[in-house]
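Okay, so here's the structure we're looking at.
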Amino acid sequence: GQSLEQPSEVTAVEGAIVQINCTYQTSGFYGLSWYQQHDGGAPTFLSYNALDGLEETGRFSSFLSRSDSYGYLLLQELQMKDSASYFCAVRDTPAAGNKLTFGGGTRVLVKP
Amino acid sequence: DSGVTQTPKHLITATGQRVTLRCSPRSGDLSVYWYQQSLDQGLQFLIQYYNGEERAKGNILERFSAQQFPDLHSELNLSSLELGDSALYFCASSGGQGSYNEQFFGPGTRLTVL
Chain Z
1 GQSLEQPSEV
11 TAVEGAIVQI
21 NCTYQTSGFY
31 GLSWYQQHDG
41 GAPTFLSYNA
51 LDGLEETGRF
61 SSFLSRSDSY
71 GYLLLQELQM
81 KDSASYFCAV
91 RDTPAAGNKL
101 TFGGGTRVLV
111 KP
Chain P
1001 DSGVTQTPKH
1011 LITATGQRVT
1021 LRCSPRSGDL
1031 SVYWYQQSLD
1041 QGLQFLIQYY
1051 NGEERAKGNI
1061 LERFSAQQFP
1071 DLHSELNLSS
1081 LELGDSALYF
1091 CASSGGQGSY
1101 NEQFFGPGTR
1111 LTVL
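Top line first, the protein sequences correspond to chains Z and P. This note's numbering applies: residue 1 is where the first sequence begins, and numbers increase by one. This note's numbering applies: residue 1001 is where the second sequence begins, and numbers increase by one.
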């Protein structure tokens, strides 16, 4: 089976930097994804790491270390609109349908 | 707008009843995934279909079933409903142009079982 651990909540001020860590134990691993979900909304894709290293997309970056079964999402120059829940998710292999197993989510609260 | 549509948006029903949730994937996507999101269980994968065939199964209850039709839309059937089935049900799609790096989620169906 799969299990993912991430902090339940993080609070930071506008303009700050937040790092959300994710550790995973999996029986099948093809990559690590990150999704953002605002209250009442649908999850939306932020980033995907298949290989070790850092992927940068604007103010958001994601890192993966496959040997450590660890990844993180870095949110820079925090804005009020970044207040949301952030989920790491392990993507299973194509043979297993590429399905996602999600962590419990990290609620990020941005204060002025 | 992800391009994935789900109906209905809200559903209120009673215990013991049966409901059908509908999903239309993004144009070009062959894979459809169903997820359940409840407060105590988080986002849980239920089942996946690829081009009409069941491809992967998660912790889906025997009371739940799904199918994908030739036009690629999918339906999730929930029967003998219990209070604990109250949750948000999301459909997602991927596979357009052969890419599975991103899943596109629909707006969800909020099911309330009274």
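Cβ atoms here follow ideal geometry from the backbone N, Cα and C, with glycine treated the same way.
Of the listed residues the options, nearest to residue i (C-alpha basis)
{"i": "serine 122 (chain Z)", "options": "Z:Tyr48, Z:Asp39, Z:Thr44, Z:Leu78", "result": "With chain Z covering only 1 through 112, there is no way to say anything about residue 122 (chain Z)."}
{"i": "glutamine 1097 (chain P)", "options": "P:Cys1023, P:Arg1022, P:Asp1029, P:Val1019", "result": "P:Asp1029"}
{"i": "valine 108 (chain Z)", "options": "Z:Gln6, Z:Gly53, Z:Ala12", "result": "Z:Ala12"}
{"i": "glycine 105 (chain Z)", "options": "P:Ser1002, P:Gln1037, P:Ser1027", "result": "P:Gln1037"}
{"i": "alanine 1092 (chain P)", "options": "P:Gln1041, P:Asn1059, P:Phe1045", "result": "P:Phe1045"}
{"i": "leucine 1084 (chain P)", "options": "P:Gln1041, P:Asp1071, P:Phe1105, P:Tyr1035", "result": "Residue 1084 (chain P) is actually glycine in this sequence, not leucine. Comparing Cα-Cα distances from glycine 1084 (chain P) to each of P:Gln1041, P:Asp1071, P:Phe1105, P:Tyr1035, the minimum goes to P:Gln1041."}
{"i": "glycine 1016 (chain P)", "options": "P:Leu1088, P:Phe1090, P:Glu1082", "result": "P:Glu1082"}
{"i": "glycine 1095 (chain P)", "options": "P:Ser1031, P:Glu1075, P:Phe1105", "result": "P:Ser1031"}
{"i": "glutamate 1075 (chain P)", "options": "P:Leu1039, P:Leu1114, P:Trp1034", "result": "P:Trp1034"}
Beta-carbon proximity of residue i to residue j, cut-off 8 Å
{"i": "glutamine 1006 (chain P)", "j": "cysteine 1023 (chain P)", "result": "yes"}
{"i": "valine 1004 (chain P)", "j": "leucine 1078 (chain P)", "result": "no"}
{"i": "leucine 73 (chain Z)", "j": "aspartate 82 (chain Z)", "result": "no"}
{"i": "leucine 78 (chain Z)", "j": "phenylalanine 60 (chain Z)", "result": "no"}
Same chain only: Cβ atoms within 6 Å of residue i, ignoring 5 sequence neighbours per side
{"i": "histidine 1010 (chain P)", "result": "Arg1110"}
{"i": "alanine 16 (chain Z)", "result": "Leu78"}
{"i": "leucine 1072 (chain P)", "result": "Pro1025"}
Sequence-distant residues of the same chain with beta carbon closer than 7 Å to residue i, five excluded per side
{"i": "proline 1008 (chain P)", "result": "Thr1109"}
Same chain, Cβ closer than 8 Å to residue i, five either side skipped, listed in chain order
{"i": "asparagine 98 (chain Z)", "result": "Tyr30, Arg91, Asp92"}
{"i": "serine 1086 (chain P)", "result": "Ser1038, Leu1111, Thr1112, Val1113"}
{"i": "threonine 1013 (chain P)", "result": "Val1019, Leu1081, Leu1111, Thr1112, Val1113, Leu1114"}
* For the stretch 1058-1066 of chain P against the stretch 1095-1110 of chain P, are there 3 or more C-beta pairs whose distance is under 8 Å? -> no
* Give, in chain order, every residue of the stretch 44-64 of chain Z whose Cβ lies closer than 8 Å to some Cβ of chain P. => Thr44, Phe45, Tyr48, Ala50
* Where the stretch 1002-1028 of chain P meets chain Z: residues whose CB sits under 8 Å from a CB there -> Ser1002
* **Cβ contact check for the stretch 15-31 of chain Z and the stretch 82-102 of chain Z: 3 or more pairs under 8 Å** => yes
* Give, in chain order, every residue of the stretch 1048-1077 of chain P whose Cβ lies closer than 8 Å to some Cβ of chain Z. => Gln1048, Tyr1050, Arg1055, Ala1056, Gly1058
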